[in-house]
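This report refers to the structure that appears directly beneath it.
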Amino acid sequence: VPLRDPAKNASFLNAINDFYLTNPIARASRLMGELSALAKARGATKVAAE
746 VPLRDPAKNA SFLNAINDFY LTNPIARASR LMGELSALAK ARGATKVAAE
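For the sequence shown, the working numbering gives the first residue as 746, with consecutive numbering after it.
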């Protein structure tokens, strides 16, 4: 009997959307909030090639 490969059609996504806010202590930290905002801005900013 051939075995099915359950992972063949599976899509692997990152389970953590925001590394800087993964636990209650980090979410309460002002610094981690700033780092999270900077990471989001870095991903959204388009840089022109020079």
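Note that the Cβ used here is the ideal one computed from N, Cα and C, for glycine as well. Just so you know, these numbers come straight off a predicted model, no measurement behind them.
- Apart from sequence neighbours up to five positions away, no residue of its chain approaches Ala-793 with a beta-carbon distance below 7 Å.
- Close CB contacts of Arg-772 within its chain, under the 7 Å cut and outside five residues either way in sequence, are with Leu-766 (chain order).
- Bounds of the alpha helix (DSSP H) holding Leu-776 are 775-789.
- Linking Gly-778 to Ala-784 through their CA atoms gives a straight-line distance of about 10 Å.
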